[in-house]
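Using the numbering used here, read the sequence shown as starting at 113 and increasing by one per residue.
In this text, a Cβ means the ideal position worked out from N, Cα and C, and glycines have one as well.
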Amino acid sequence: MRFGVVGTGVIGAGWTTRALARGWDVVATDPAPAAEERLRLAVDRAWESARKLGVFPGADPTRLEFAASLEEVVSVSEFVQESVPEHESLKKGVHEAIDAVADPDVVVASSSSGLLPSHLQAGLRHPGRLVIGHPFNPVYLLPLVEVLGGSQTSESALERAIAVYEDLGMYPLRVRTEIEGYLSDRLQEAMWREILHLVNDGVATTGELDEAILYGPGLRWAGMGTNLIFHLAGGENGMRHMLEQFGPALELPWTKLVAPPLSDDLIDAMVEGTSLQAGDRSIADLERTRDDYLIAVMRGLKAHDVGAGRTLARWEERLHGVQQQRWKTGDRIPNPLELYACPVEPEWVDYNRHMTESAYLLAAGWATDKLFRYIGIDDDYRAGGHSFYTVETHISYRKEVGADAALRFTTKVLEVHAKRFRFIHEMYADEDHVASIEQLLVHVDTNAGRSTPIRPGPAAVLAEIAEAHRDS
Ligand SMILES: NC(=O)c1ccc[n+]([C@@H]2O[C@H](COP(=O)([O-])OP(=O)(O)OC[C@H]3O[C@@H](n4cnc5c(N)ncnc54)[C@H](O)[C@@H]3O)[C@@H](O)[C@H]2O)c1
113 MRFGVVGTGV IGAGWTTRAL ARGWDVVATD PAPAAEERLR LAVDRAWESA
163 RKLGVFPGAD PTRLEFAASL EEVVSVSEFV QESVPEHESL KKGVHEAIDA
213 VADPDVVVAS SSSGLLPSHL QAGLRHPGRL VIGHPFNPVY LLPLVEVLGG
263 SQTSESALER AIAVYEDLGM YPLRVRTEIE GYLSDRLQEA MWREILHLVN
313 DGVATTGELD EAILYGPGLR WAGMGTNLIF HLAGGENGMR HMLEQFGPAL
363 ELPWTKLVAP PLSDDLIDAM VEGTSLQAGD RSIADLERTR DDYLIAVMRG
413 LKAHDVGAGR TLARWEERLH GVQQQRWKTG DRIPNPLELY ACPVEPEWVD
463 YNRHMTESAY LLAAGWATDK LFRYIGIDDD YRAGGHSFYT VETHISYRKE
513 VGADAALRFT TKVLEVHAKR FRFIHEMYAD EDHVASIEQL LVHVDTNAGR
563 STPIRPGPAA VLAEIAEAHR DS
C-alpha cells in the first residue's frame, strides 16, 4: 500500500507515522519551508511510541518519501489523506487540485475537524470519493477516526476508507448524519466553551479546570463514555433514577454554551495559564509523557477488554499472526533461530530506568512461546492434554537494559531427549548482548500430571533443529 499524505503538520505527521508503522510506504508533501525536515523529525520522535504499540514486519521510517508537489503525491498514492489547515476555502482549493490528478478510484479523505463534506466536494469532478476521516491527536496512538460522507459521497468510498483505517489498527466510527463538528468535537467543544467562560469570568485557572477532569471524570472516560457512566450514577435504577435526580438541574444555570468573545485578556489568561502548567517541560517532553501514559492506559484497558484496549488487542493479535514463524518440512533451519523481538515494556522498568531483573525471565518466556509455536505446540496441542513445564532456568545478566531499548532474542536448541529438551536464548538490547537464559523443559501429560514423551510432530522438528544447531 502506498499512503499519500497532503499537509504534514501535527496531524499529517501522525498519519505518516501510523501508516509507516503498519509497514506501508508513505509519500507526503507540504509547501512550508523545511517541511520535510520537520516531518522526518516528528516521525523519529513518534516512532518510539509507535514501536511500543508494535510495528508490522518491514515497517521502517525510511519508507517515507517526501515529494515536491501535491500532484506527485496524488498520482502515485492508493489512498490520500489531506491534513491542511482548517479553512474551508484552502481545503476546497487543495481538494480541487487532488481531484484533477487522482485516479477516479482513489479515495480521498480529509482530516477536517468539523467542516461539512458536502461543501468540500461541491464542484469536484469525482465528488463521490471524498470522505471525512477525522482522527485524534496523537494519530499514531489514538484509535478513533470519525468517518462520514457528504450528499454525493458513495457508499463504496466510505467502506473503502473504513477498511483502510481498520487495517491501520484504528476504530472507525461511522457518523451517520452530516453535521458540523461531527460527534466527538461537539462534545469537546461544549466543554471547551465552558472552560473559556470559567477562565474569562475569573472562576478558575486553566490548571484548576484541568485538575477537575484529570483526577475524576477523565479516568472514567478512558473506559466508559458519559452515558454509561451516568447510568451507573443512578445506582440500581440506573439512568432513570439519574434523570429523576439530576433532571431539575438542567433548569439551573450550570452551563453557558455560547462561547465568550475571544478578547486579548482571555487569550492571555489561557496562554499564561497553560505555560504555567507546562513549567519547564518542553512540548517534546510533554508529548513523551502523554504518549507513555496513553500507552499505559490502553494496555491497562486491554486486560479488561474495553474501549481502546480492545482495539489494541486486535492490533497485537494481527501482529503476532504475521510475526509468528512455524517450521514446515523442507524449511532451512537458521542457526541460531531468531523468533522474537519486542520493546522494553513500561512496567518492566525499575527506579534506575533499567529493565528489572524479573522482566528478563518474562521476556524470555515470550521468546520460548515463539519457539513452541515454531515447533508446532499451540493451543490445539495444549487442548489435547500435552505441554512443557520448565524445571530449570539459568540466567546470566551481562549488561543493564535501558528503558527505551529494543530487545531481540536468538535461540539455540542444545539437546533433545524423548521427554525433555534444553535450549538457550541470547538476549540483545539494540546491538548489546545483555543476557543468556538457559532452560530445561520437561514434556508432560497435563491430565495425568506426569512426564510423557514429546509427541511425534514437535519431537521430529526438535530433532531437526538440534541437528542444525549441533557443534556450534
Ligand atoms: N491538531 C489537532 O488536534 C487536530 C485533530 C484532528 C484533526 N485536525 C485537523 O487536521 C487538519 C490539520 O491540522 P493540523 O493540526 O495538523 O494543522 P497544522 O497547522 O499543524 O498543519 C497543517 C499543515 O498543512 C500545510 N499546508 C498548508 N497548505 C497546504 C497545501 N496547499 N498543501 C499541502 N500542505 C499544506 C501547512 O504547511 C502545515 O504544515 C485540520 O483540518 C484540523 O482541523 C487537527
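Asked                                                                                                 : Found
Inter-stretch contact (C-beta, 8 Å, three-pair minimum) for the region 174-193 and the region 415-432 : no
D137 versus P360, G170, G121, residue with shortest Cα-Cα distance                                    : G170
Proximity to G590 [Cα-Cα], best of L295, A580, P568                                                   : The structure shown has nothing for residue 590, since the chain only spans 113 to 584.
Nearest to V503 (by Cα), restricted to the options A541, G496, E550                                   : E550
Inter-stretch contact at 8 Å, needing at least 3 Cβ pairs: the region 230-244 / the region 254-261    : yes
Per DSSP, the bridge partner or partners of D492                                                      : DSSP, once it has assigned bridges, lists no residue as partnering D492.
Closer than 6 Å: S189 CB and nearest ligand 1 heavy atom                                              : no
Euclidean distance between Cα positions of L270 and T441                                              : 44 Å
Closer than 6 Å: E292 CB and nearest ligand 1 heavy atom                                              : no
7 Å Cβ cutoff met for V418 and G314                                                                   : no
Identity of the residue in A578, P448, Q389 nearest E527 by Cα                                        : A578
beta-carbon G121 near ligand 1 non-hydrogen atom, thresh 6 Å                                          : yes
T386 versus A396 - alpha carbon distance                                                              : 15 Å
Identity of the residue in E399, P255, H238 nearest A158 by Cα                                        : E399
Any chain C beta carbon closer than 7 Å to A179                                                       : Protein chain content of the structure displayed is limited to a single chain, and chain C is not contained in it.
Range of the contiguous beta strand (DSSP E) that encloses V554                                       : 544-557
Sequence-distant residues of its chain with Cβ nearer than 8 Å to I123 (five each side left out)      : S195, S223, P247, N249, V251
Identity of the residue in D462, L228, V219, T317 nearest R272 by Cα                                  : V219
Distance cut-off 6 Å: D211 Cβ against heavy atoms of ligand 1                                         : no
Buried or exposed by the 16-neighbour rule on C-beta atoms within 10 Å, applied to T141               : buried
Three-state secondary structure (DSSP) of D322                                                        : helix
Rounded straight-line distance, which links the Cα of E149 to that of A179                            : 12 Å
Pair within 7 Å by beta-carbon distance, P446 and T523                                                : no
T505: first and last residue of the uninterrupted alpha helix (DSSP H) it sits in                     : It is not in any alpha helix (DSSP H) - T505 instead sits in the beta strand (DSSP E) that spans 498-509.
Sub-7 Å separation of A547 and Y509 beta-carbons                                                      : yes
Cutoff 6 Å; reference T423; Cβ partners in own chain excluding five residues on either side           : P255, Y283
Near ligand 1: A144 beta-carbon under 6 Å from a heavy atom                                           : yes
Y540, DSSP secondary structure in three states                                                        : strand
CB contact flag (L553, F533, <7 Å)                                                                    : yes
Segments of 4+ residues assigned as alpha helix (DSSP H) that fall wholly inside the region 396-484   : 419-435
Own chain residues within Cβ distance below 8 Å of S499, not counting five before or after            : I489, Y493, H555, V556, T558
Length of the line joining the Cα atoms of K203 and P229                                              : 11 Å
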